[in-house]
Amino acid sequence: MNYVGAGENDQEAYQPVYVEIKGVRIAFLAYQNQKIVPTPYGANSSRTGIAFMNTEKMAAAAKDAKQRAGLVVVSMHAGDEYVAKPNNTQINFAHAAVDAGADLVIGHHPHVVQTMEEYKGKYIFYSLGNFVFDQMWSQNTKRGLAIKIFFTETKVSGISFLPFVIENYCQPRPANETESAQILQRLNFSLPDELAQSWSEE
1 MNYVGAGEND QEAYQPVYVE IKGVRIAFLA YQNQKIVPTP YGANSSRTGI AFMNTEKMAA
61 AAKDAKQRAG LVVVSMHAGD EYVAKPNNTQ INFAHAAVDA GADLVIGHHP HVVQTMEEYK
121 GKYIFYSLGN FVFDQMWSQN TKRGLAIKIF FTETKVSGIS FLPFVIENYC QPRPANETES
181 AQILQRLNFS LPDELAQSWS EE
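Per UniProt numbering, residue 1 is the first one in the sequence shown, and the count goes up by one each step.
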C-alpha cells in the first residue's frame with residue numbers, strides 16, 4: 001500500500017506521490033496541522049515522521065508537482081472537531097494550495113461533514129466526516145460522505161456524492177433519501193449541472 005505525507009525524513013515526507021490512472025498522472029500531497037499532534041511526530045532531516053502544514057513547503061511542492069502531473073490533489077488533516085464550518089487555518093491553507101496549482105483539496109479531522117467551497121474554479125472539501133469510526137454519540141458523527149471524482153487529463157470534470165450513515169459501531173451503510181438530503185445540506189453548496197454526476201458502481 002502506498003502512502004503520502006510521511007517519510008523517513010522531511011524531504012521524503014513533503015514530496016508528492018504519483019499515481020497513474022487510465023493514462024492520467026495524478027500527484028498526491030498530504031499535510032498535518034501541527035497543533036493537533038505533538039511536535040516529535042514531525043519529520044526532520046534526521047527523524048522519521050509526518051509532513052506538517054507549512055504553506056511555503058506545500059506551495060513549492062504543489063507547483064513542482066503541477067509540472068510533472070496532469071492533476072494535483074492536496075490533503076490536509078486540520079480543523080476544529082465537531083464544527084460545521086472550516087476555520088481560517090483550513091481556508092487559508094486550502095486557498096494557498098489552489099493558488100499553487102492544486103486541482104482538488106480534501107480535508108479531514110473534524111469528524112463531521114463541513115461546508116465545501118469552489119475557489120478559482122477548483123473544489124475544496126474541508127471535511128467529509130467519519131467513515132469507519134466509533135463515535136455513535138451524535139447524529140453528525142454517525143454521518144459521512146464519500147465522493148467520486150471524474151477527471152480528464154488536466155482537470156476535474158465531474159463529482160458525485162455517496163452519503164452514508166454509520167451503524168453498530170464502525171459499520172457504514174448508504175444513507176436513505178431523507179438522510180442523504182440532510183447530509184448534503186451540510187455542504188452548503190450546489191454543484192453546477194455540468195459537474196454533477198450520478199454515482200455508479202462501474
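C-beta: ideal position from N, C-alpha, C; glycine also. These figures come from a predicted structure and were not determined experimentally.
Could you check where the beta strand (DSSP E) with L184 kicks off and where it finishes?
Taken as a continuous stretch (DSSP letters only), L184 belongs to no beta strand (DSSP E), being part of the alpha helix (DSSP H) at E177 to Q185.
Kindly identify the DSSP beta-bridge partner or partners of P172.
According to DSSP, P172 shares a beta bridge with I166.
Could you name the residues that DSSP lists as bridge partners for I124?
V105 and E117.
Report the start-end ranges of each beta strand (DSSP E) in the UniProt domain "Capsule synthesis protein CapA" (1-135) that is 3 residues or longer and not cut off at the edges.
List check, beta strand (DSSP E) in window: 17-21, 24-32, 71-77, 104-108, 116-119 and 122-125.
Under the three-state DSSP convention, the category K155 falls into
DSSP places K155 in the coil class of the three-state scheme, outside both helix and strand.
DSSP bridge partner residues for F150 (one or two, in chain order):
As DSSP reads the structure, F150 sits in a beta bridge with G158.
Compare the C-alpha of Y41 against each of V73, F28 and A6 and name the closest.
Closest by alpha carbon: A6.
Taking contact to mean at least 3 C-beta pairs separated by less than 8 Å, is the stretch 119-129 in contact with the stretch 91-103?
With the cut-off at 8 Å, the stretch 119-129 and the stretch 91-103 touch.
State buried or exposed for Q114, treating a residue as buried only when at least 16 other CB atoms are found within 10 Å of its CB.
Result: buried.
Cβ-based burial, R186 [other Cβ within 10 Å; buried from 16]:
Answer is buried; the Cβ neighbour count reaches 16.
Can you tell me whether K142 is buried or exposed? The criterion is at least 16 other CB atoms within 10 Å of its CB, across all chains shown.
Counting Cβ neighbours within 10 Å, K142 comes out buried, since at least 16 surround it.
Kindly indicate which residue of V165, F164 and F28 has the alpha-carbon position closest to the one of K66.
Nearest C-alpha to K66: F28.
Using CA coordinates, which residue listed in V105, A43, Y82 and V165 is at the minimum distance from N92?
Looking at the Cα atoms, V105 is the closest of the given residues.
Just the C-alpha distance for L184 and G129, rounded to the nearest angstrom, thanks.
Rounded to whole angstroms, L184 to G129 spans 12 Å at the Cα level.
For the stretch 39-55 against the stretch 150-158, are there 3 or more C-beta pairs whose distance is under 8 Å?
The stretch 150-158 and the stretch 39-55 do not touch, with fewer than three beta-carbon pairs separated by less than 8 Å.
Just to confirm, are V165 and E179 a CB contact at a threshold of 7 Å?
Contact flag set, yes.
Determine the closest residue to Q32 out of Q139, Q171, M76 and Q90, with distance taken between C-alpha atoms.
Closest by alpha carbon: M76.
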